[in-house]
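Encoded as structure tokens, the structure appears first; notes follow it.
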Amino acid sequence: MKILTAKLLMAVFLSTQFSAFVYAEDEVSDKTNKVEYIDLLMGSIENKDYPGLPSGVTFEGDFRKIVGAGWDAANGKIQFRPKKAGVGTMQIVDGNRKIVKEIRITVTENNYSKVAREVSNLLGTIEGINVKIINNKVIVDGEVMLPRDMNRIVSVLKNYQGQTSNLVTISPLAEKKIAEYIEKDINNPEIHCRSVNGKFILEGWAGDGQEKSKAEVIAKTYVPDEVVEDCVALGKCNKPKLFSVINLINVKEGKAPEPGKIVRMTVHYVELQKDYEKSFRFQWMPDLDDGAKLEFGAGDRSPGASLVSSITGTISNLLPKLNWAKQHGFARVLQSSSLLVIDGQKGDIRSTIRIPYLVAGPQGVQSTNFEEAGMITTITPKVTGARSDSVRLQMDFSVKSLLGISSKGPLISNSQIQTVVVVRSTQSAAVGGLVQASTGTDFNKLPAEVSKNPIISLYASKSFRRNQSQFVVFVTPQIQSTASEGAEQIKQKFRLRD
Numbered sequence: 042m043k044i045l046t047a048k049l050l051m052a053v054f055l056s057t058q059f060s061a062f063v064y065a066e067d068e069v070s071d072k073t074n075k076v077e078y079i080d081l082l083m084g085s086i087e088n089k090d091y092p093g094l095p096s097g098v099t100f101e102g103d104f105r106k107i108v109g110a111g112w113d114a115a116n117g118k119i120q121f122r123p124k125k126a127g128v129g130t131m132q133i134v135d136g137n138r139k140i141v142k143e144i145r146i147t148v149t150e151n152n153y154s155k156v157a158r159e160v161s162n163l164l165g166t167i168e169g170i171n172v173k174i175i176n177n178k179v180i181v182d183g184e185v186m187l188p189r190d191m192n193r194i195v196s197v198l199k200n201y202q203g204q205t206s207n208l209v210t211i212s213p214l215a216e217k218k219i220a221e222y223i224e225k226d227i228n229n230p231e232i233h234c235r236s237v238n239g240k241f242i243l244e245g246w247a248g249d250g251q252e253k254s255k256a257e258v259i260a261k262t263y264v265p266d267e268v269v270e271d272c273v274a275l276g277k278c279n280k281p282k283l284f285s286v287i288n289l290i291n292v293k294e295g296k297a298p299e300p301g302k303i304v305r306m307t308v309h310y311v312e313l314q315k316d317y318e319k320s321f322r323f324q325w326m327p328d329l330d331d332g333a334k335l336e337f338g339a340g341d342r343s344p345g346a347s348l349v350s351s352i353t354g355t356i357s358n359l360l361p362k363l364n365w366a367k368q369h370g371f372a373r374v375l376q377s378s379s380l381l382v383i384d385g386q387k388g389d390i391r392s393t394i395r396i397p398y399l400v401a402g403p404q405g406v407q408s409t410n411f412e413e414a415g416m417i418t419t420i421t422p423k424v425t426g427a428r429s430d431s432v433r434l435q436m437d438f439s440v441k442s443l444l445g446i447s448s449k450g451p452l453i454s455n456s457q458i459q460t461v462v463v464v465r466s467t468q469s470a471a472v473g474g475l476v477q478a479s480t481g482t483d484f485n486k487l488p489a490e491v492s493k494n495p496i497i498s499l500y501a502s503k504s505f506r507r508n509q510s511q512f513v514v515f516v517t518p519q520i521q522s523t524a525s526e527g528a529e530q531i532k533q534k535f536r537l538r539d
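Everything in the sequence shown is counted per the working numbering, starting at 42 for the first residue and increasing by one.
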């Protein structure tokens, strides 16, 4: 009986030990399947797939001191973002507080991690880029909006040659956005801007050429800076095409320019001449003309020679002469001319005569030359403003007067004025003048026809002369709306009828 009891107790003990062994083996096997080991590098972001995890899981453990984790339930992925080197454990717990999976994380730091961290710090202000460590190289990837951001990325990565790679591109949306800014700044609903392959095209209609040029200048201020890649700087690849502005804006045909204003120019030439002469002369200068002569004669038939002599004389200017004279002259010459000129154009009036005279040519052959005398007027009016009644006058006056005829030709007096003045419409201005005055007195001046050998010479004379001349030019501009304005006054002046 005791032996049977001992055998039963031994059997129960063995069965209990076997069951415990089997249970322990199953527990160890199950726990081994739930543990996963992950090695991460600083600066490297990794995504792990866990499609079998139930919904509503949470992360527990001390992993947060070395790594950050994000759960993407839709795709069944966990993103690990290393923070610092170290070891940590992540336990994935379901809604029943049961450990579904355990992940043991080891974060190590190498040279690439340091480079990635420095690059991230330098480029942290630029949006749209990611810094990764892939295949022992720091990769910068993404899209930027501004070319100056791209230039900064290129400049930073140039300091880490051989350890970094630049995969960043300029976003196509940037060009579209710049085109919108250009169109908004131009602020013309008829002018549009679009971007095509790095080119900004301006299209539409402008009111004039100045508005077209202004739109192009505004667009060029928005053109991005040039991005120079490393291969371009080293001459290993071609230089990329630069951003440029293509101006296809059309200019509207403007209205035909309105005709200029009409200016009536009335010019008065006034010339005054005065002369005064007073003379007195007493002359008694008798002159004897000696006519005495002696003649001898001889002939074949006459018996002897003959002698003939005669004495004759003529006395002239025997009676004394007394002359007293006084002369006074006055002359006024008035010439008036009127001319219609378009604003800004030159007007010219000529009223001259040609005076012929003979001149001796080669071998005594006479020919006829001409000397011009008269009035020449050249005026260019310019209205100073659209609403102004002042006229700027650029004038050139020339008056040639005939003084007399000499043996060598006509004597011509030339008076000329060149000036620029501003005169209000319908008002007159004396734009120039010339005054000449001459006086002379002669005492006991012998005349040209007096005898050189008078018998008696009694002569006394006094002569006084004075000449004055004045030349003045008056100009009166008048702005007119039409050329026919003022025609009635001219008809009345000359008594013309339709």
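Glycine included, every Cβ here is placed at the ideal spot set by N, Cα and C.
Collapsing the DSSP output to three states places Glu-257 in a helix. Collapsing the DSSP output to three states places Gln-251 in a helix.
The straight-line gap separating the alpha-carbon atoms of Gly-474 and His-309 is approximately 12 Å.
Val-160 sits close to Tyr-201, with the two beta carbons spaced by under 8 Å. In the three-state scheme derived from DSSP, where H, G and I count as helix and E and B as strand, Thr-419 is classed as strand. Of Glu-318, Asn-177, Ile-496, the smallest CA-CA separation from Phe-505 is found for Glu-318. Judged by DSSP in its simplified three-state form, Ser-212 adopts coil rather than helix or strand.
Sorting Pro-397, Phe-241, Glu-244 by C-alpha distance to the C-alpha of Gly-445 places Pro-397 at the top. Residue burial annotation: Ala-478 is exposed, with fewer than 16 other C-beta atoms found within 10 angstroms of its C-beta.
Residue range 152-163 is occupied by the alpha helix (DSSP H) that includes Tyr-153.
Looking at the DSSP output, Gly-473 sits in a beta bridge with Val-514.
Collapsing the DSSP output to three states places Ile-86 in coil. Checking the DSSP bridge columns, you'll see Val-237 partnered with Lys-240.
When DSSP states are grouped into helix, strand and coil, Met-326 belongs to the coil group. Secondary structure at Ser-408: strand, using DSSP grouped into helix, strand and coil.
Taking a contact as a CB-CB distance under 8 Å, the pair Glu-77 and Lys-142 counts as one, their CB atoms being some 7 Å apart.
Less than 8 Å divides the Cβ of Gly-117 from the Cβ of Tyr-91. Burial is judged here by how many other beta carbons sit within 10 angstroms of a residue's own beta carbon; Lys-441 has at least 16 and is buried. With a contact defined as Cβ atoms closer than 8 Å, Leu-381 and Pro-518 miss out at about 11 Å. With respect to the C-alpha of Leu-94, the residue from Lys-199, Ser-85, Asp-135, Phe-121 having the closest C-alpha is Asp-135. DSSP places Ile-144 in the strand class (E or B) of the three-state scheme.
For Ser-196, the secondary structure class from DSSP, reduced to helix, strand or coil, is helix. When secondary structure is reduced to three states using DSSP, Glu-529 falls in the helix class. Under DSSP, the beta-bridge partners assigned to Ala-414 are Ile-394. Closest by C-alpha distance to Ile-242, out of Asn-228, Gly-248, Glu-221, Asp-249, is Glu-221.
With a threshold of 16 other beta carbon atoms within 10 Å, Phe-484 falls short and is exposed. Per DSSP, the continuous beta strand (DSSP E) segment holding Asp-437 begins and ends at 431-447.
Under the DSSP definition of a beta bridge, Val-98 lacks any partner. Between Gln-120 and Asn-88 the beta-carbon gap is near 5 Å, inside 8 Å, which marks them as a contact. In the three-state DSSP reduction, Ile-223 falls in the helix class (H, G or I). DSSP, reduced to helix, strand and coil, places Tyr-500 within a strand of the structure shown. DSSP places Ala-110 inside the beta strand (DSSP E), whose first and last residues are 108-113. Val-462 and Gln-509 have their alpha carbons spaced roughly 28 Å apart. In terms of Cβ geometry, Ile-520 and Asp-430 form a close pair [threshold 8 Å]. Counting along the chain, no beta strand (DSSP E) covers Val-264, and no H or E run does either. Considering only Thr-99, Ser-96, Val-108, the residue with the shortest C-alpha distance to Ile-79 is Val-108.
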